[in-house]
Every structure is written in C-alpha cells, then in structure tokens.
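Asker:
Laid out in structure tokens, this is it:
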C-alpha cells in the first residue's frame with residue numbers, strides 16, 4: 084500500500100484557533116526571520132522594542148564602552164561607562180587660575196595640590212580648588228608670619244564627572 088507521505092516527511096501545523104505554528108525540526112530563513120515587531124538577522128543579531136533596536140547596538144552602547152584617555156605628564160582618563168574623569172598635571176609656577184586638559188562635562192568635585200619639589204626656606208603649603216568645569220586655582224603659602232602666597236611649582240590632581 085502506498086501512502087501520500089514518505090517516512091522522512093514532516094508535518095507542519097498551523098492552528099487556526101490559536102494562531103500557533105508548529106514545525107517538527109528547524110525553520111530556515113535565508114534573510115530575516117520576522118516575529119511580530121521582532122526580527123532575527125542572518126548574522127544572528129536580534130531586533131526588538133525591548134532593546135530599542137538591534138541587540139548588538141544595545142550591548143555595545145551600554146556594556147562595551149571603552150575608556151578614553153590622554154596620557155602624559157598633563158593628562159586625563161575618562162571611564163566611559165560612568166563618566167568619571169581623573170585629570171592631573173604639574174605647574175612650573177603656581178598662584179593663579181589654570182585650565183584643565185579637558186573640561187568636566189558635569190562638574191569638578193575636587194582638586195588636590197601638592198608641592199612639586201623642595202621650596203624656599205620656610206615650610207609651605209600647596210592648595211587648590213575648582214573654579215569651574217574647565218578651570219582650577221592652585222598656589223602655595225609659606226609658614227612665615229605674613230602667610231605669604233607664592234608661586235612655587237606644584238603637582239595637581241582633579242576628579243569629577
């Protein structure tokens with residue numbers, strides 16, 4: 084007796100009542116496979132509203148950010164995931180307002196200043212503070228009775244976002 088089906092034939096079922104499609108085995112698409120608003124691309128990338136677009140773009144934009152930096156004696160490092168920035172440098176002469184190597188997009192939290200070398204006959208104190216997102220003040224102050232502000236060389240370090 085001959086049947087309409089070979090032993091290797093598979094039956095694909097579409098249930099009209101539930102809208103469910105069942106396939107025994109795999110479904111192959113040479114281009115994009117669609118499911119509602121979602122898509123599966125030939126390269127395996129997934130598209131959907133939950134990702135705001137392609138999954139690959141979502142992952143790269145949110146988890147694969149690379150830190151950026153300008154390294155050297157006067158430089159900075161930025162953590163691209165958090166926006167945290169560290170900047171540093173030296174000043175051959177202090178007692179003024181100076182520019183950061185790059186502006187902090189949100190704010191500078193603090194500036195730390197220290198002596199860059201041995202300075203003068205009196206003990207002195209290096210200090211600084213943020214002036215704006217792009218500038219800071221740095222100077223030294225000696226321990227003489229006049230508490231004279233002077234311009235000795237300093238090293239500085241700033242943090243912000």
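Numbering (the numbering used here), first residue to last: 84 to 244.
Glycine is no exception: its CB is placed at the ideal position from the N, C-alpha and C atoms.
Taking the alpha carbon of residue 125 as the reference point, which residue from 133, 134, 110, 132 has its own alpha carbon closest?
Answerer: Ranking the options by Cα distance to residue 125, first place goes to 110.
Asker: If contacts are defined as beta-carbon pairs under 8 angstroms, then residue 241 and residue 232 qualify, I think. What distance do you get, rounded to the angstrom?
Answerer: Actually they do not touch by this definition, with Cβ atoms about 20 angstroms apart.
Asker: Tell me which residues share the same chain as residue 217 and place their Cβ nearer than 8 angstroms to its Cβ, disregarding the 5 neighbours each side in the sequence.
Answerer: Cβ neighbours of residue 217 beyond the five flanking positions: 182, 183, 186, 187.
Asker: Nearest-angstrom Cα distance between residue 152 and residue 128?
Answerer: Cα-Cα distance, rounded: 31 angstroms.
Asker: Could you check the C-alpha separation between residue 144 and residue 161 for me, to the nearest Å?
Answerer: Using only the alpha carbons, I get a separation of about 16 angstroms.
Asker: Exposed or buried, what is residue 107 when buried is set at 16 or more other beta-carbons lying within 10 Å of its beta-carbon?
Answerer: Exposed.
Asker: Pull up the distance between the alpha-carbon of residue 220 and that of residue 157, whole angstroms please.
Answerer: Residue 220 and residue 157: Cα-Cα distance of roughly 16 angstroms.
Asker: Have a look at residue 103 and residue 95 and give me their C-alpha separation to the nearest angstrom.
Answerer: The alpha-carbon atoms of residue 103 and residue 95 are separated by roughly 11 angstroms.
Asker: Go to residue 144, then tell me how far its alpha helix (DSSP H) extends in each direction, as first and last residue.
Answerer: Note, residue 144: alpha helix (DSSP H), 138-146.
Asker: How would you label residue 201, buried or exposed, when you count the other beta carbons within 10 angstroms and need 16 or more for buried?
Answerer: Under this definition residue 201 is an exposed residue.
Asker: Assign residue 155 to one of two classes, buried (16 or more other C-beta atoms within 10 Å of its C-beta) or exposed (fewer than that).
Answerer: That one is exposed.
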